[in-house]
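Student: Residue 107 in UniProt numbering sits at position 107 of the sequence shown, with consecutive numbering throughout. Beta carbons: idealized from backbone N, C-alpha and C, even for Gly.
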Amino acid sequence: MGTKLKNEWEKDRVRFNKVYRQLLLRVLSVVIIYTTLGIAAYLLTANLLRQFAGQNELLLQIFAWIELHRGLGALVYIVVGYGAILLYYWNKPFQYLHEVLNAAENIFQHTNELIELSAPLKDAEIYLNQLKISVQNNERVAQEAEQRKNDLIEYLAHDLKTPLTSVIGYLSLLDEALDMPVEQKAKYVHITLDKAKRLEKLINEFFEITRYDLQNTSLEKETIDLYYMLVQMTDEFYPVLSAHGNTIKLDANEDLTVYGDSVKLARVFNNILKNAISYSYPDTEIIVGAKAIDASVQITFCNHGKTIPASKLDAIFDKFFRLDETRATNTGGAGLGLAIAKEIITLHGGSIIAESENEITTFFMTLPISC
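1. Would you decide whether I224 is buried or exposed? Buried here means 16 or more other CB atoms lie within 10 Å of its CB.
2. Where does F237 fall in DSSP's three states?
3. A328 by DSSP, collapsed to three states: which one?
4. Quick check: what's the CA-CA separation for P344 versus I286?
5. Thinking C-alpha only, which one of G81, A41, K221 and L160 is nearest K201?
6. Cutting at 7 Å between CB atoms, please list the residues of its own chain near E359, excluding the five before and the five after it.
7. So, with DSSP's three-state summary, where would you put M229?
8. Verify whether the separation of the beta carbon atoms of Y82 and G38 is less than 7 Å.
9. Figure out for me which residue from A40, E355, I33 and A196 has the closest Cα to the Cα of A315.
10. So within the stretch 236-305, which uninterrupted alpha helix (DSSP H) runs reach at least 4 residues, ignoring any that extend past its ends?
11. Helix, strand or coil, according to DSSP, for I360 in the structure here?
12. According to DSSP, T366 sits in a beta bridge with which residue or residues?
13. Thinking C-alpha only, which one of V231, L230, K221 and L164 is nearest R198?
14. Indicate the three-state DSSP secondary structure (helix, strand or coil) for I168 in the structure shown.
15. How would you label F363, buried or exposed, when you count the other beta carbons within 10 angstroms and need 16 or more for buried?
16. Go ahead and pull the three-state DSSP assignment for T35.
17. Give the DSSP bridge partners of E222, in chain order.
18. Using alpha carbons as the reference points, say which of S242, Y170 and N150 lies closest to A196.
19. Buried or exposed for N253, going by 16 or more other Cβ atoms inside 10 Å?
20. Distance check for L338 and N204, CA to CA, integer angstroms please.
21. Just the Cα atoms here: how many angstroms apart are D318 and F207?
22. Quick one: grab the DSSP three-state call for T346.
23. Taking only the alpha-carbon atoms, compute the straight-line gap between D179 and L173 and give it to the nearest angstrom.
24. For D261, count neighbouring C-beta atoms within 10 Å of its own C-beta (all shown protein chains included) and say buried if the count is 16 or more, exposed if not.
25. Excluding the 5 residues preceding and the 5 following K274 in the sequence, name in chain order all residues of the same chain whose CB lies nearer than 7 Å to its CB.
26. On the three-state DSSP scale, how would you describe T192?
27. Do you know whose CA, among S280, I277 and F269, lies nearest L367's CA?
28. Can you tell me whether D123 is helix, strand or coil according to DSSP?
29. Whose C-alpha, out of L265, F237, E113 and L128, is nearest the C-alpha of A341?
30. With a threshold of 16 other CB atoms inside 10 Å of the CB of G71, please say whether the residue is buried or exposed.
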């Protein structure tokens with residue numbers, strides 16, 4: 001912090017010295033021009049009077065008076081002229097200071113007007129405009145962070161309320177109806193367990209998104225065997241796929257590699273595959289593909305399900321966005337999986353988009369092959 005302040009002070013000192021030199025040079029230039037004009041005017045006037053003095057008695061007297069009082073005239077010319085110049089430029093620093101003070105107030109005003117200063121202060125003008133833009137950007141980031149926090153609290157309260165109410169309701173029934181039939185009791189216990197698992201899932205997702213939002217996530221990058229990672233993922237999801245009646249096909253070369261954080265990329269692929277399973281028709285095939293394109297690798301996840309409206313294709317990567325609120329409220333997540341996936345892909349310098357038409361939805365991801 002001390003070094004930063006020292007550097008800023010040094011920059012300010014350089015700017016001040018530059019303005020000071022410009023002002024001094026301008027004063028000297030005006031003095032030289034004023035003096036040169038005075039001498040030129042005197043010589044021209046004297047020369048003209050000398051030429052015509054012999055032809056006119058009045059001109060001869062004027063010429064004689066000028067020659068007699070030449071020193072006094074020069075003194076008056078210098079005192080009045082130089083005095084006016086010095087007085088004018090003596091006030092300039094105060095004028096510049098007034099401009100800078102007004103500009104400093106402008107920095108914290110919520111306007112889109114750029115700061116404009118006098119020509120000698122152009123460097124200061126550029127610096128103050130950069131500072132104003134930086135202040136506005138910081139304010140916007142702070143407002144967005146505050147809004148995200150408020151959204152998180154709002155969605156947390158909303159999404160936890162429904163399953164929590166169900167858990168309390170069924171447990172109250174079990175507590176009050178001690179003579180409840182065993183089959184009915186088992187049914188209520190099963191429902192309560194499902195709702196409790198739903199609560200656990202939501203809480204884990206909220207912790208996950210909070211971690212990505214509030215911490216400067218660092219990546220532990222290395223060369224990853226992409227083919228092996230995708231094979232391992234498809235094997236791990238076999239029970240989930242079977243329960244939903246889906247099958248999975250992997251279309252990728254065995255020698256594919258990417259440069260990235262294996263743990264976080266595994267999180268991305270898991271989120272995308274979970275999404276594909278959740279929104280695919282039962283008994284359909286999900287295709288996972290990967291191929292090299294120039295210095296990048298493109299990974300695709302393709303599933304058969306309801307077509308996503310074009311107007312919502314970008315929104316699906318927003319936090320808390322869910323296509324089917326009814327399905328999501330009952331069994332789905334908090335609408336954070338794709339948002340987390342996009343953040344991780346962006347951290348890797350890659351990109352992710354979605355296309356959906358004719359009941360086929362495909363996610364396209366690109367990642368760098370090397371650092």
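Tutor: So, from the listed chains and residues:
1. I224 comes out buried.
2. coil
3. Per-residue confidence for A328 stands at a pLDDT of 48, beneath the threshold of 50, marking its modelled position as unreliable; the derived number appears in the next sentence. DSSP, read as helix, strand or coil, puts A328 in helix.
4. Here residue 344 is Ile; the residue named in the question, Pro, does not match the sequence. Cα-Cα distance, rounded: 23 Å.
5. The residue with the shortest Cα to Cα distance from K201 is L160.
6. Excluding positions up to five away in sequence, the list reads H304, G305, K306 and T307.
7. helix
8. no
9. E355
10. With a minimum length of 4 residues, the continuous alpha helix (DSSP H) runs that stay inside the stretch 236-305 are 238-244 and 262-278.
11. strand
12. T366 is bridged to Q298 and S351.
13. L164
14. Three-state result, I168: helix.
15. The residue is buried, with at least 16 neighbouring Cβ atoms inside 10 Å.
16. helix
17. DSSP, once it has assigned bridges, lists G260 as partnering E222.
18. Y170
19. exposed
20. 15 Å
21. 17 Å
22. DSSP places T346 within a helical segment (H, G or I) once states are collapsed to three.
23. 11 Å
24. buried
25. G337
26. helix
27. L367 has its Cα closest to that of F269, out of S280, I277 and F269.
28. helix
29. Ranking L265, F237, E113 and L128 by CA distance to the CA of A341 puts L265 first.
30. exposed
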